[in-house]
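Going down the list, the sequences are from chains H and L.
Count the first sequence with our numbering and you get residues 12 to 359, in order.
Count the second sequence with our numbering and you get residues 12 to 359, in order.
As structure tokens, the structure follows; a few thoughts come after it.
There are 2 protein chains.
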Amino acid sequence: MKYLKKSLIGKEPYYSKEISSGIILNANESAFETPKEIIELVKKELDKVDLRRYPDTDNTLIRESIANAYGLDITNVTIGVGSDQLLDCIFKSLIDDEHIVSCNPTFSMYKEYASFTNGKFIDIDFKDDINFEFDTEKIIEAIKKYNPKLVIICSPNNPTGSAIERSNLEKIIIAANEINSVVLLDEAYSEFHETNYDLIKKYDNLFVLKTFSKAYALAGIRLGYMIACKDLIDTINVVKPPYNMSRLSSIIASIAIKNKNLYDENIKKIINLKNELFDDLQKLGLKPVKSYSNFIFLKLNDKIFDYLIENKIYIRRLKYKNEFWHRITVGTKEENDILIAKLKDSIM
Amino acid sequence: MKYLKKSLIGKEPYYSKEISSGIILNANESAFETPKEIIELVKKELDKVDLRRYPDTDNTLIRESIANAYGLDITNVTIGVGSDQLLDCIFKSLIDDEHIVSCNPTFSMYKEYASFTNGKFIDIDFKDDINFEFDTEKIIEAIKKYNPKLVIICSPNNPTGSAIERSNLEKIIIAANEINSVVLLDEAYSEFHETNYDLIKKYDNLFVLKTFSKAYALAGIRLGYMIACKDLIDTINVVKPPYNMSRLSSIIASIAIKNKNLYDENIKKIINLKNELFDDLQKLGLKPVKSYSNFIFLKLNDKIFDYLIENKIYIRRLKYKNEFWHRITVGTKEENDILIAKLKDSIM
Chain H
12 MKYLKKSLIG KEPYYSKEIS SGIILNANES AFETPKEIIE LVKKELDKVD LRRYPDTDNT
72 LIRESIANAY GLDITNVTIG VGSDQLLDCI FKSLIDDEHI VSCNPTFSMY KEYASFTNGK
132 FIDIDFKDDI NFEFDTEKII EAIKKYNPKL VIICSPNNPT GSAIERSNLE KIIIAANEIN
192 SVVLLDEAYS EFHETNYDLI KKYDNLFVLK TFSKAYALAG IRLGYMIACK DLIDTINVVK
252 PPYNMSRLSS IIASIAIKNK NLYDENIKKI INLKNELFDD LQKLGLKPVK SYSNFIFLKL
312 NDKIFDYLIE NKIYIRRLKY KNEFWHRITV GTKEENDILI AKLKDSIM
Chain L
12 MKYLKKSLIG KEPYYSKEIS SGIILNANES AFETPKEIIE LVKKELDKVD LRRYPDTDNT
72 LIRESIANAY GLDITNVTIG VGSDQLLDCI FKSLIDDEHI VSCNPTFSMY KEYASFTNGK
132 FIDIDFKDDI NFEFDTEKII EAIKKYNPKL VIICSPNNPT GSAIERSNLE KIIIAANEIN
192 SVVLLDEAYS EFHETNYDLI KKYDNLFVLK TFSKAYALAG IRLGYMIACK DLIDTINVVK
252 PPYNMSRLSS IIASIAIKNK NLYDENIKKI INLKNELFDD LQKLGLKPVK SYSNFIFLKL
312 NDKIFDYLIE NKIYIRRLKY KNEFWHRITV GTKEENDILI AKLKDSIM
């Protein structure tokens, strides 16, 4: 790549062949398809929408639908092409060369998007490698020591599945507030546990990031949203590209959140399936991490991972402290049973 | 915005209320709606698509459809959320603090996206303010003098409507090549005139940027694409966010380009309507710039612009050399007739 700019030399283009058959448990998507009722409502809208027109750059329809669902004002909401675009906007709008306090392991894209700034990450370990509990004390120590511009808490955390307690989260937000630092609470998986979005009413230094890609079973439309006080939303909107969201994605997400009762049963099922899978993994002698999300984190040896791939079962492999760990998305009952059977084969 | 980073202080969040009624001639959208046949084909796809899954990060379906339409290889194509995301990727991947040679006036978003780098723009005037012909000699002089990393040519140019001759374009590409500089040819409006995309087979320093937002009447899906040699496409894909495109947008664009014959007649009609509008504007004593696109650029006084807004006719106002100029998108016959009638009212 002879024209790639100097500061990026060494980086490679990202390509990854799509997996469309087999048992797909590698991307934390919903175990269940988008409800048919949602798709039928979308079809009706297709006759009315004028796709020739640019989308509403203010994204009023979907922001209003989200604001209504949470009892917030529209000025407390902004949306992006997945959480990804909003992450990019956070770093673009906040970070020149300041510190960023975050946990390890956590969602890898934070560092990816921050790499376009000169931000410096301080990674805080979890309390141990068994339950991966958030180490609130160490996070607060780091805030006091490094004076970061941004503190990132992903809860439930990807990939560990562990969640922060509300009281500890508040301690972190208060510590950050004292030094004029912003907290990003990434709640991509909160529908499987609990949300603390309401804290934005109490603290003006809190971003809450959410998505339609997980519990809403709509990863294909690429729509994430951010909830915060108006001043922080304005800050994001300084750098958000205009006309960023496809008209259809806005319409679909709006239908989904207005009909969120259609998802309640599936969410309950996924939580139950997760608990069953956890028990089954333990029965195999494995040590899954207690999860508050729709995936389970655990150590597996390479032989097992390869055997699963041979059997077209796809899970996510991640390097953590020089060892391979694995993140398994909760599938349907049938998928989980096949996974467990194949794990049993490969362990015996 | 107390948390906005220092380097952005002074910038404001961008909000703009959507205009959804009246005569909308301000965004260079197609005068005609998306063909009904396309929408019907999309509905059928809705029953098959699994929106719960993340999109294919390689965007294979739409890249293959585009590559086939142009007789290129899939490795010569990448796609973005509108041309906008690809512009962002160009600056992110190429520019640290180098010079960028571009024309004035041209598409305002070039500078917007470049503002996240330390790139320095050199603006080259057109030959005159009557036909706004590209000043090839001055552009080449600037290339030799400033040693830019990037040269941007928008042809047909937004907002002037003027187009560069192929032979002159090649001279610029060759001059740029000699100093290892890349040329971005923005062809958002080329379906209304001519495309020079095939030059990517001859030159490895040429990006050609195209979109479904104009002639394809699909601004609402936000899908732009870039054609270039594999090495330049790889360069963009170093910084392109993964999973960037909504599954439905890819499907719709793919249907559209496979059925591009459905657009042929409308494109011809728009060109004829443009010529009629040009003549009508001249008859009013105005001085429209000769246009090779689906819009017309001209000077109007403020009183006229305000009168049009009062009558719910929306055109685009731009400041150029301390005067207000206006860009009028070609509408339907009925819309153009009303526009001309109201212009006549306000001039008399």
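Using N, Cα and C, we set each Cβ at its ideal position, and we do this for glycine too.
Spell out the partners DSSP gives residue i in its beta bridges.
| i | result |
| --- | --- |
| Y325(L) | I35(L) |
| G235(H) | G91(H), T222(H) |
| E23(H) | Answer is none; E23(H) lacks a bridge partner. |
| D317(H) | According to DSSP, D317(H) bridges with nothing at all. |
| D136(H) | N115(H) |
| I307(H) | I339(H) |
| K330(H) | F335(H) |
| K103(H) | For K103(H), which the question treats as bridged, DSSP gives no partner whatsoever. |
| K131(L) | H110(L) |
Alpha carbon to alpha carbon, how far is residue j from residue i? Give it in angstroms, no decimals.
| i | j | result |
| --- | --- | --- |
| Y254(L) | K355(L) | 50 angstroms |
| V112(H) | E40(H) | 27 angstroms |
| I35(H) | K251(H) | 32 angstroms |
| S31(H) | F306(L) | 43 angstroms |
| P159(H) | N191(H) | 9 angstroms |
| D163(H) | I232(H) | Note that residue 163(H) is Ile in the sequence shown here, rather than Asp. About 25 angstroms. |
| E176(L) | M237(L) | 21 angstroms |
| D69(H) | V249(H) | 12 angstroms |
| C240(H) | E321(L) | 36 angstroms |
| E346(L) | K269(H) | 37 angstroms |
| F137(H) | G172(H) | 12 angstroms |
| D313(H) | E334(H) | 10 angstroms |
| I266(H) | V341(L) | 34 angstroms |
| D67(H) | N286(L) | 30 angstroms |
| E109(H) | F223(H) | 31 angstroms |
| R327(L) | Y81(H) | 37 angstroms |
| R258(L) | L196(H) | 27 angstroms |
| Y325(L) | I133(H) | 51 angstroms |
| I262(L) | F316(H) | 33 angstroms |
| H204(H) | L295(H) | 26 angstroms |
| P146(L) | K156(L) | Here residue 146(L) is Asp; the residue named in the question, Pro, does not match the sequence. D146(L) and K156(L): Cα-Cα distance of roughly 15 angstroms. |
| K279(L) | G235(L) | 22 angstroms |
| I281(L) | R64(H) | 16 angstroms |
| L117(H) | I247(H) | The identity of residue 117(H) in the sequence shown is Thr, whereas the question assumes Leu. Each residue's Cα considered, the two are about 23 angstroms apart. |
| L288(L) | N37(L) | 15 angstroms |
| N129(L) | N169(L) | 24 angstroms |
| D275(L) | P46(L) | 11 angstroms |
| D209(H) | K55(H) | 34 angstroms |
| K13(H) | D242(L) | 8 angstroms |
| K310(H) | L297(H) | 8 angstroms |
| V194(L) | I20(H) | 21 angstroms |
| Y25(L) | K330(L) | 18 angstroms |
| E181(L) | I141(L) | 24 angstroms |
| I380(L) | H337(L) | The structure shown does not extend to residue 380(L), since chain L is modelled only from 12 to 359, so the question has no answer here. |
Check whether the Cβ of residue i sits closer than 7 angstroms to any heavy atom of the ligand MG, and report yes or no.
| i | result |
| --- | --- |
| D242(H) | In the structure on display, the ligand MG does not appear, and there are no ligands present to speak of. |
Practice task
Report the residue ranges of all alpha helix (DSSP H) runs contained in full by the stretch 142-228 of chain H; include only those spanning at least 4 residues, in chain order.
Solution key: With a minimum length of 4 residues, the continuous alpha helix (DSSP H) runs that stay inside the stretch 142-228 of chain H are 147-157, 177-189.
Handout entry: Contact the stretch 296-304 of chain L vs the stretch 91-109 of chain L: 3+ CB pairs below 8 angstroms
Key = Output reads no: the stretch 91-109 of chain L does not touch the stretch 296-304 of chain L.
Exercise for the section: Could you list the residues in the stretch 187-204 of chain H with a C-beta less than 7 angstroms from some C-beta on chain L, going in chain order? Expected result: Listed in chain order, the positions of the stretch 187-204 of chain H with a beta carbon within less than 7 angstroms of a beta carbon of chain L are V193.
Exercise for the section: Decide if the stretch 199-219 of chain H is in contact with the stretch 53-60 of chain L; the criterion is three or more beta carbon pairs, one per stretch, under 8 angstroms apart. Expected result: Below 8 angstroms, too few C-beta pairs join the stretch 199-219 of chain H and the stretch 53-60 of chain L to call them touching: fewer than three.
Handout entry: Contact set between the stretch 234-261 of chain H and chain L, restricted to residues whose Cβ is under 9 angstroms from the partner
Key = So the list reads L234, D242, L243, I244, D245, T246, I247, N248, V249, V250, K251, P252, P253, Y254, N255, M256, S257, R258, L259, S260, given in the order they occur along the chain.
Exercise for the section: Flag this pair as touching only if the stretch 173-187 of chain L and the stretch 213-232 of chain L have three or more C-beta atom pairs under 8 angstroms; answer yes or no. Expected result: Yes, they touch.
Exercise for the section: Using a Cβ-Cβ cut-off of less than 7 angstroms, list which residues of the stretch 27-42 of chain H approach chain L; keep chain order. Expected result: Listed in sequence order: S27, K28, E29, A38, E40, S41.
Practice task
With 8 angstroms as the C-beta to C-beta threshold (strictly closer), list the residues of the stretch 41-65 of chain H near chain L in chain order.
Solution key: So the close ones are S41, F43, E44, T45, I50, V53, K54, L57, D58, V60, D61, L62, R63, R64, Y65.
Handout entry: Near-chain L residues of the stretch 145-170 of chain H (beta-carbon distance less than 7 angstroms), N- to C-terminal order
Key = Those residues of the stretch 145-170 of chain H that come within reach of chain L (Cβ to Cβ, closer than 7 angstroms) do not exist; the list is empty.
Practice task
Using a Cβ-Cβ cut-off of less than 8 angstroms, list which residues of the stretch 78-104 of chain H approach chain L; keep chain order.
Solution key: With the criterion set as a beta carbon lying under 8 angstroms from some beta carbon of chain L, the members of the stretch 78-104 of chain H are V92, G93, D95, Q96, D99, K103, S104, in sequence order.
Practice task
Anything in the stretch 328-339 of chain H with a Cβ closer than 7 angstroms to a Cβ of chain L? List those residues in chain order, please.
Solution key: The residues in question: there are none.
Problem - chain H contacts from the stretch 117-141 of chain L (Cβ-Cβ distance under 9 angstroms) - result: Taking 9 angstroms as the Cβ-Cβ cut-off against chain H, the residues of the stretch 117-141 of chain L that qualify are M120, E123, Y124, F127, T128.
Problem - Contact between the stretch 219-229 of chain H and the stretch 41-52 of chain H (3+ Cβ pairs under 8 angstroms) - result: The stretch 219-229 of chain H, when compared against the stretch 41-52 of chain H, does touch it at the 8 angstroms Cβ threshold.
Exercise for the section: Quick one: which unbroken alpha helix (DSSP H) runs of 4-plus residues sit fully inside the stretch 240-268 of chain L? Chain order, please. Expected result: Entirely contained in the stretch 240-268 of chain L, the alpha helix (DSSP H) runs reaching 4 residues are, in chain order, 241-250.
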